[in-house]
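**Student:** My structure is below; once you've seen it, I'll send some questions.
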Amino acid sequence: MKNERGFTLLEMLVATTLMAIAVVGLLSALSSSLRNAARLTDHDRAALVARRKVDELLLQARLPRYQVMEGPLMPATDAGLTGGWRARLEPFEVPPNLGPGNAILERLECEIWWQEGSQRRSYKLDAYKTTVLRTEDVLAGVLR
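162 is the number of the first residue of the sequence shown in our numbering; add one for each residue after it.
This is the structure:
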């Protein structure tokens with residue numbers, strides 16, 4: 162009886178085939194992860210741009226109520242996104258005795274949209290602020 166060490170050709174072929182299947186599966190999972198990471202990066206950029214736009218709008222002393230405000234995104238300053246924004250301010254909570262000097266809660270709805278390849282993507286963000294009513298606000302009618 163001869164005692165030889167090593168693997169047979171059949172064992173090597175089976176081991177190589179199993180290793181190839183494992184490597185292909187691993188590369189496929191890695192490719193999917195990279196695609197998802199790229200897509201999430203665009204959504205993260207859009208969220209940052211939306212937050213910056215909402216902050217910019219909230220810093221303005223008087224925004225028009227019930228009117229749609231919109232504009233383009235600037236690729237140089239808005240994280241390289243090409244698209245636009247749309248916002249609308251409206252009262253959210255109004256006290257029953259509406260008068261000058263009363264505070265109301267207003268909601269700012271902001272939507273950022275951008276092109277991702279041939280698809281249009283969007284991200285919506287709501288923000289709230291307190292506003293003290295002036296006489297002209299009450300005369301103009303805060304509620305429609």
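Glycine included, every Cβ here is placed at the ideal spot set by N, Cα and C.
Give the secondary structure of Met173 by DSSP, where H, G and I count as helix, E and B as strand, and everything else as coil.
**Tutor:** helix
**Student:** Tell me the rounded alpha-carbon separation between Leu286 and Met173.
**Tutor:** Approximately 58 Å between the Cα atoms of the pair.
**Student:** Since Leu250 is in the beta strand (DSSP E), which residue starts that stretch and which ends it?
**Tutor:** Gly244 to Glu254
**Student:** Please state whether DSSP places Met235 in a helix, a strand or coil.
**Tutor:** coil
**Student:** Once DSSP output is grouped into helix, strand and coil, what is the label at Ala222?
**Tutor:** Ala222 falls in the coil class under three-state DSSP.
**Student:** With a Cβ-Cβ cutoff of 8 Å, do Glu270 and Lys290 count as a contact?
**Tutor:** At the C-beta level, Glu270 and Lys290 stay beyond 8 Å of one another.
**Student:** Round the Cβ separation of Val293 and Ala248 to the nearest angstrom and send it over; I've been treating them as touching at under 8 Å.
**Tutor:** Rounded to whole angstroms, the Cβ separation of Val293 and Ala248 is 21 Å, and the two are not in contact under 8 Å.
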